[in-house]
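Chemist:
Number of protein chains: 2
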Amino acid sequence: MAKWSKFGERFTRPTGARQLMDDLGDALSGDHPVCMLGGGNPAHIPELEELFSNELRRVLDSESDYRRMLANYPSPAGEERFRTSLAELFAREYGWQVTAKNIALTSGSQAGFFQLFNLLAGPQADGSFKRILLPVTPEYIGYQDVGIRAGMLTALKPTIEEFDDRTFKYGLDVDNLTVGDDIGALCVSRPTNPTGNVLSDAEIDSLIAVASAQGVPLIIDNAYGMPFPNIVFTEVKPVWNDNVIMCMSMSKLGLPGLRTGVVVASEEIIDALASMNSVLSLAVPSVGAVLLHELVESGRILEISKNIIQPYYQQRVNAALEWVHESLSGTDYRVHRPEGALFLWLWFPEIPISSNELYHRLKARDVLVLSGHHFFPGLDEEWQHRDECIRVTYSQDSESVRKGIAIIAEEVKRAFSEA
Amino acid sequence: MAKWSKFGERFTRPTGARQLMDDLGDALSGDHPVCMLGGGNPAHIPELEELFSNELRRVLDSESDYRRMLANYPSPAGEERFRTSLAELFAREYGWQVTAKNIALTSGSQAGFFQLFNLLAGPQADGSFKRILLPVTPEYIGYQDVGIRAGMLTALKPTIEEFDDRTFKYGLDVDNLTVGDDIGALCVSRPTNPTGNVLSDAEIDSLIAVASAQGVPLIIDNAYGMPFPNIVFTEVKPVWNDNVIMCMSMSKLGLPGLRTGVVVASEEIIDALASMNSVLSLAVPSVGAVLLHELVESGRILEISKNIIQPYYQQRVNAALEWVHESLSGTDYRVHRPEGALFLWLWFPEIPISSNELYHRLKARDVLVLSGHHFFPGLDEEWQHRDECIRVTYSQDSESVRKGIAIIAEEVKRAFSEA
Chain A
161 MAKWSKFGER
171 FTRPTGARQL
181 MDDLGDALSG
191 DHPVCMLGGG
201 NPAHIPELEE
211 LFSNELRRVL
221 DSESDYRRML
231 ANYPSPAGEE
241 RFRTSLAELF
251 AREYGWQVTA
261 KNIALTSGSQ
271 AGFFQLFNLL
281 AGPQADGSFK
291 RILLPVTPEY
301 IGYQDVGIRA
311 GMLTALKPTI
321 EEFDDRTFKY
331 GLDVDNLTVG
341 DDIGALCVSR
351 PTNPTGNVLS
361 DAEIDSLIAV
371 ASAQGVPLII
381 DNAYGMPFPN
391 IVFTEVKPVW
401 NDNVIMCMSM
411 SKLGLPGLRT
421 GVVVASEEII
431 DALASMNSVL
441 SLAVPSVGAV
451 LLHELVESGR
461 ILEISKNIIQ
471 PYYQQRVNAA
481 LEWVHESLSG
491 TDYRVHRPEG
501 ALFLWLWFPE
511 IPISSNELYH
521 RLKARDVLVL
531 SGHHFFPGLD
541 EEWQHRDECI
551 RVTYSQDSES
561 VRKGIAIIAE
571 EVKRAFSEA
Chain B
161 MAKWSKFGER
171 FTRPTGARQL
181 MDDLGDALSG
191 DHPVCMLGGG
201 NPAHIPELEE
211 LFSNELRRVL
221 DSESDYRRML
231 ANYPSPAGEE
241 RFRTSLAELF
251 AREYGWQVTA
261 KNIALTSGSQ
271 AGFFQLFNLL
281 AGPQADGSFK
291 RILLPVTPEY
301 IGYQDVGIRA
311 GMLTALKPTI
321 EEFDDRTFKY
331 GLDVDNLTVG
341 DDIGALCVSR
351 PTNPTGNVLS
361 DAEIDSLIAV
371 ASAQGVPLII
381 DNAYGMPFPN
391 IVFTEVKPVW
401 NDNVIMCMSM
411 SKLGLPGLRT
421 GVVVASEEII
431 DALASMNSVL
441 SLAVPSVGAV
451 LLHELVESGR
461 ILEISKNIIQ
471 PYYQQRVNAA
481 LEWVHESLSG
491 TDYRVHRPEG
501 ALFLWLWFPE
511 IPISSNELYH
521 RLKARDVLVL
531 SGHHFFPGLD
541 EEWQHRDECI
551 RVTYSQDSES
561 VRKGIAIIAE
571 EVKRAFSEA
């Protein structure tokens with residue numbers, strides 16, 4: 161039995177992320193049919209698949225594009241031409257003062273968080289220790305384990321507003337929001353994974369203000385947001401300034417196999433990420449950058465996001481929400497207002513079994529979901545609420561989603577009947 | 161001015177790898193013409209580019225292959241079908257007892273070394289500290305900075321055998337090879353980057369024996385080796401056993417934009433890498449795995465490597481070597497026997513300027529090489545030899561290589577004349 165280093169022990173522990181990716185890999189490898197309501201695999205939208213295929217064929221028809229995509233190492237911050245075009249799109253659409261020097265690509269969005277969290281928090285040269293503050297939990301499972309040291313996250317409980325239609329919405333608890341000297345950065349996902357929440361413009365303004373006052377950056381995880389893939393069902397405005405680190409992804413466009421994340425930040429942060437890219441992985445993939453270049457340069461990526469992706473998910477989430485209300489009728493349940501992302505977040509107040517037990521019972525019936533308890537990274541205090549929720553992905557085929565939701569309802573009702 | 165964490169300070173230092181990738185990115189982005197004899201970009205071989213383009217077109221014609229490549233997250237260890245086919249190829253060709261469970265993909269070979277070095281060395285749970293032993297320097301620049309803590313590498317000086325034809329060859333100094341309890345693993349590149357050395361079968365057997373005796377793995381960095389890309393000009397046999405960690409790359413096939421590394425190791429190591437993949441990057445790219453699948457499954461990858469890649473580089477290295485002898489005639493120089501990889505390693509005994517000064521003088525003349533001093537990671541003792549060598553990549557266009565070598569000769573002669 162090999163003995164790992166401390167780093168090795170930390171990064172080979174059983175984690176929610178590994179469980180999630182194992183479940184996802186098993187389900188998608190197609191060994192046996194399951195209702196895959198677990199991972200965050202984007203939907204297969206035929207119109208987009210055709211579009212991306214055509215873009216890729218066009219790349220193959222050009223020797224210089226082929227080489228840019230496959231045959232040459234890019235610069236440490238990632239493929240230069242794409243970064244330039246993306247900066248121009250941000251400047252054009254939103255008036256942001258950015259150039260290619262404000263953009264770095266990473267080997268997927270998760271790799272970007274590994275780099276950013278460990279750059280901005282953890283042990284400091286002066287012997288102190290800084291943490292990343294997650295001001296609104298529930299928050300993304302992937303943040304949990306990326307710190308090279310334990311204890312790098314701290315988090316706040318949200319406010320909860322309940323509505324008459326069995327929906328609810330988490331909010332920023334402004335009254336308890338304090339940012340001490342032990343905080344290296346704040347981080348929120350918007351739209352939020354796992355809840356589908358979209359923090360309001362006012363909430364983001366509050367976060368920007370407290371971060372600036374403390375002189376630390378605000379990281380906004382925009383993997384599902386604007387301008388692409390724009391899986392957002394409310395009206396909010398994208399924001400960026402020199403103190404905001406905006407993280408984006410190509411995955412939710414339907415391209416998770418590329419592993420390309422995008423970070424928009426101050427030149428200083430970008431230069432640091434470029435250095436880290438060199439040492440950690442020599443270079444980051446260019447496939448996505450070259451594949452999407454023309455769509456970004458022309459601005460077509462905005463139309464695609466607005467006219468294809470957003471309506472597709474809007475229709476899917478509406479259907480899934482209806483099935484939830486139908487199936488769970490008669491049970492005590494709540495569902496978070498689905499304002500964006502690929503998920504429904506279900507809350508079963510006072511359910512007699514833990515959400516993790518519910519996960520296992522559902523898995524035994526070939527329905528994969530994620531137990532809500534994974535989504536409170538950095539929140540140390542006891543809170544029964546976190547064992548009462550599950551995340552349900554609605555992006556896979558409708559039949560699976562409908563069937564899965566029906567089975568979830570059966571198991572929840574059975575659990576309540578055991579009380 | 162932002163303050164980084166200790167991790168941040170360590171991974172944003174100026175490094176040889178960052179300098180190399182900056183140089184490479186600048187040169188390839190084509191802002192102005194330079195003789196790019198610096199980085200390790202593989203050659204553009206038209207026959208291969210056509211082949212890979214056709215493979216990619218075939219993927220796009222299949223909905224299931226398209227989705228496997230671009231639209232689905234793979235398992236934590238990487239795309240399953242490719243790993244199975246590659247294991248079958250190893251079993252068929254070399255008789256190795258491996259399955260898909262012995263293979264993990266990483267986000268490029270460098271990312272694999274980050275994971276492996278930090279898994280096997282660094283601070284241990286019992287308070288001790290382990291290091292990676294590089295038994296034959298010069299050794300790959302990329303190993304230098306991947307440790308999350310300083311001091312994670314230690315190295316041995318090589319033996320040097322000189323030949324009548326101005327060539328020389330480094331060897332394993334078996335007499336000084338001891339592996340103490342502070343060593344977590346041994347690592348060698350074979351073919352060696354930067355020297356083009358290929359350790360003999362006997363040398364590898366010695367390393368396997370001492371590693372096994374100490375109960376630590378031997379990492380063999382096979383980025384240029386067999387079965388692909390097979391940029392090897394001598395007769396050696398590839399070896400693997402449960403105590404060997406063999407690392408491979410798709411980059412030197414001509415596909416560095418993919419960022420896909422391959423690790424063949426015990427199931428225990430592979431499972432650890434899969435966990436690390438999940439946490440560090442959620443998943444690794446599938447593009448290369450699906451692109452190369454048919455070539456690996458059919459075994460055509462072996463013919464391509466043997467009949468296209470190997471002869472191509474053999475012809476290129478012969479030409480470059482001839483230009484070196486022509487241009488440097490009359491100067492005191494040595495060149496390492498080029499037995500594999502993309503590089504000529506030139507040694508100028510007693511040259512009055514450092515190799516780093518020579519690098520800067522050449523850069524000022526638009527010839528990019530790498531100073532040899534970067535290639536002694538972990539070697540702490542003084543040794544003038546390490547400031548007397550440069551690495552020259554011969555894989556770019558012939559005209560650049562010929563012209564670059566001529567300018568190198570001019571600058572070396574000028575340096576000697578300053579003494």
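So the protein sequences, as listed, match chains A and B.
If you count the first sequence from 1, you need to add 160 to reach my numbering.
If you count the second sequence from 1, you need to add 160 to reach my numbering.
Backbone N, C-alpha and C fix where the C-beta goes; we use that ideal spot for every residue, glycine too.
#1: Do M229(A) and V423(A) have their beta-carbon atoms positioned less than 8 Å apart in this structure?
#2: Taking the runs of the alpha helix (DSSP H) that are 4 residues or longer, which of them lie wholly in the segment 462-507 of chain B?
#3: Tell me, please, whether the CB atom of Y226(B) is closer than 8 Å to any CB atom in chain A?
#4: Return no unless some Cβ of chain B is closer than 8 Å to the Cβ of D305(A).
#5: Buried or exposed: A362(A), going by 16 or more other Cβ atoms within 10 Å of its Cβ?
#6: Check the DSSP bridge columns for L378(A) and list the partner residues they point to.
#7: Just the C-alpha distance for G448(B) and G331(A), rounded to the nearest angstrom, thanks.
#8: Output the boundary residues of the beta strand (DSSP E) element that contains K290(B).
#9: Compare the Cα-Cα distances from V339(B) to each of S366(B), E454(B) and S267(B) and report the closest residue.
#10: Going by DSSP, which residues form a beta bridge with I550(B)?
#11: If you draw a straight line from the alpha carbon of S165(A) to that of E210(A), how long is it in whole angstroms?
#12: Measuring straight from C-alpha to C-alpha, what distance separates T352(B) and R218(A)?
#13: Closer than 8 Å by C-beta to R326(A): which residues in its own chain qualify, once you throw out the five before and the five after it? Chain order, please.
#14: Does L246(B) have its Cβ less than 8 Å from a Cβ in chain A?
#15: Taking the beta carbon of E571(A) as the centre, do at least 16 other beta carbons fall within 10 Å, making it buried, or is it exposed?
#16: Return yes when the Cβ of R546(B) is within less than 8 Å of the Cβ of V529(B), no when it is not.
#17: For the segment 434-468 of chain A, which residues have a beta carbon sitting closer than 7 Å to at least one beta carbon of chain B?
#18: Measuring straight from C-alpha to C-alpha, what distance separates V392(A) and G200(A)?
#19: Taking the alpha carbon of L455(B) as the point to measure from, which residue in S435(B), S213(B), S560(B) and A315(B) has its own alpha carbon closest?
#20: By the criterion of Cβ-Cβ separation under 8 Å, what are the contact partners of F212(B) in chain A?
#21: If you count every other CB in all the chains shown that lies within 10 Å of the CB of R252(A), and 16 or more means buried, which is it?
#22: W543(A) touches chain B at which residues, Cβ-Cβ below 9 Å?
#23: Roughly how many whole angstroms lie between the Cα atoms of F328(B) and V296(B)?
#24: Helix, strand or coil: how does DSSP classify M161(A) here?
#25: With distances taken from CA atoms, which of S560(B), H453(B), S409(B) and R460(B) is nearest S441(A)?
#26: Take A566(B) as the anchor and find which of H534(B), L539(B) and D526(B) has the nearest alpha-carbon.
#27: Checking 8 Å against the spacing of the C-beta atoms, do L208(B) and I461(B) come in under that value?
#28: As a quick exercise: from Y473(A), Y519(A), S487(A) and S515(A), pick the residue whose alpha carbon is nearest that of P498(A).
#29: Give the DSSP bridge partners of A315(B), in chain order.
#30: By the criterion of Cβ-Cβ separation under 8 Å, what are the contact partners of P236(A) in chain B?
#31: Does the Cβ of F277(A) have 16 or more other Cβ atoms within 10 Å, making it buried, or fewer, making it exposed?
#32: In the DSSP assignment, the beta strand (DSSP E) including L124(B) goes from what residue to what residue?
#33: Considering only their Cβ atoms, is the gap separating P236(A) from R178(B) smaller than 8 Å?
Modeler: To lay it out plainly:
#1: Taking the first sequence and counting its residues from 1, one reaches residue 423(A) at position 263. Taking the first sequence and counting its residues from 1, one reaches residue 229(A) at position 69. Result no, Cβ atoms of V423(A) and M229(A) do not sit closer than 8 Å.
#2: 470-488
#3: Counting from one through the second sequence, the residue named residue 226(B) turns up at place 66. It does: the Cβ of Y226(B) has a partner Cβ on chain A nearer than 8 Å.
#4: Within the first sequence, residue 305(A) is the residue found at index 145, counting from 1. Yes, because at least one Cβ of chain B sits closer than 8 Å to the Cβ of D305(A).
#5: The residue given as residue 362(A) occupies position 202 in the first sequence. By the neighbour-count rule (16 or more Cβ atoms within 10 Å), A362(A) is not buried but exposed.
#6: Translated into the one-based positions of the first sequence, residue 378(A) becomes position 218. Beta-bridge pairing links L378(A) to L346(A) and V404(A).
#7: The residue labelled residue 448(B) in the question sits at position 288 within the second sequence. The residue labelled residue 331(A) in the question sits at position 171 within the first sequence. Taking the straight line joining both Cα atoms gives about 42 Å.
#8: Residue 290(B) sits at position 130 when you count from the first residue of the second sequence. In the DSSP assignment, K290(B) falls within the beta strand (DSSP E) that extends over F289 to L294.
#9: Within the second sequence, the letter at position 179 stands for residue 339(B). Considering only alpha carbons, the answer is S366(B).
#10: Along the second sequence, one-based indexing puts residue 550(B) at 390. In the DSSP output, where bridge partners are listed per residue, I550(B) has L506(B) and S531(B).
#11: If you number the first sequence from 1, residue 165(A) lands on position 5. If you number the first sequence from 1, residue 210(A) lands on position 50. Going from the Cα of S165(A) to the Cα of E210(A) covers about 46 Å.
#12: Counting from 1 along the second sequence, the entry for residue 352(B) is found at position 192. Counting from 1 along the first sequence, the entry for residue 218(A) is found at position 58. For T352(B) and R218(A), the distance between alpha carbons rounds to 37 Å.
#13: Here residue 326(A) is taken as the residue at index 166 of the first sequence, counted from 1. So the qualifying residues of the chain are H485, Y493, R494 and V495.
#14: Mapped onto the second sequence, residue 246(B) falls at position 86. It does not; no Cβ of chain A falls within 8 Å.
#15: Counting from 1 along the first sequence, the entry for residue 571(A) is found at position 411. By the 10 Å Cβ count, E571(A) comes out buried.
#16: Here residue 529(B) refers to the residue found at position 369 when the second sequence is read from its first residue. Here residue 546(B) refers to the residue found at position 386 when the second sequence is read from its first residue. Not in contact: V529(B) and R546(B) (Cβ atoms no closer than 8 Å).
#17: S435, M436, S438, V439, L440, S441, L442, A443, V444, P445, S446 and V447
#18: If you number the first sequence from 1, residue 392(A) lands on position 232. If you number the first sequence from 1, residue 200(A) lands on position 40. Rounded to whole angstroms, V392(A) to G200(A) spans 16 Å at the Cα level.
#19: Counting from one through the second sequence, the residue named residue 455(B) turns up at place 295. The residue with the shortest Cα to Cα distance from L455(B) is S213(B).
#20: For the purposes of this step, residue 212(B) is taken as the residue at position 52 of the second sequence. The answer, in chain order, is L230.
#21: Position 92 of the first sequence, counting from 1, holds the residue named residue 252(A). That one is exposed.
#22: Position 383 of the first sequence holds residue 543(A). Correct list: empty, because the minimum Cβ distance to chain B is about 25 Å.
#23: Position 168 of the second sequence, counted from the start, is the residue given in the question as residue 328(B). Position 136 of the second sequence, counted from the start, is the residue given in the question as residue 296(B). Looking at the two C-alpha atoms, the distance is approximately 15 Å.
#24: One-based indexing of the first sequence puts residue 161(A) at position 1. Confidence at M161(A) is low in this model, with a pLDDT of 43, below 50, so the placement of that residue should be treated as unreliable; the coordinate-derived value is given next. Of the three classes helix, strand and coil, the one that applies to M161(A) here is coil, per DSSP.
#25: On the first sequence, residue 441(A) is found 281 positions in, with the first residue counted as 1. The candidate whose alpha carbon is nearest that of S441(A) is S409(B).
#26: Position 406 of the second sequence, counted from the first residue, corresponds to residue 566(B). Nearest option by C-alpha distance: D526(B).
#27: Here residue 208(B) refers to the residue found at position 48 of the second sequence. Here residue 461(B) refers to the residue found at position 301 of the second sequence. Going by C-beta atoms, L208(B) is not nearer than 8 Å to I461(B).
#28: For the purposes of this step, residue 498(A) is taken as residue 338 along the first sequence, with counting starting at 1. Measuring from the Cα of P498(A), the nearest candidate turns out to be Y473(A).
#29: By one-based count along the second sequence, residue 315(B) stands at place 155. DSSP output for A315(B) lists L294(B) as bridge partner(s).
#30: What you label residue 236(A) is simply residue 76 of the first sequence in a count that begins at 1. Correct list: R178, M181, D182 and G185.
#31: Taking the first residue of the first sequence as 1, we reach residue 277(A) at position 117. A buried status is given to F277(A), since no fewer than 16 other beta-carbon atoms sit within 10 Å of its beta-carbon.
#32: Residue numbering for chain B in the displayed model covers 161 to 579; residue 124(B) lies beyond these limits and cannot be assessed.
#33: In the second sequence, counting from the first residue as 1, residue 178(B) sits at position 18. In the first sequence, counting from the first residue as 1, residue 236(A) sits at position 76. In this structure, the beta-carbon distance from R178(B) to P236(A) falls below 8 Å.
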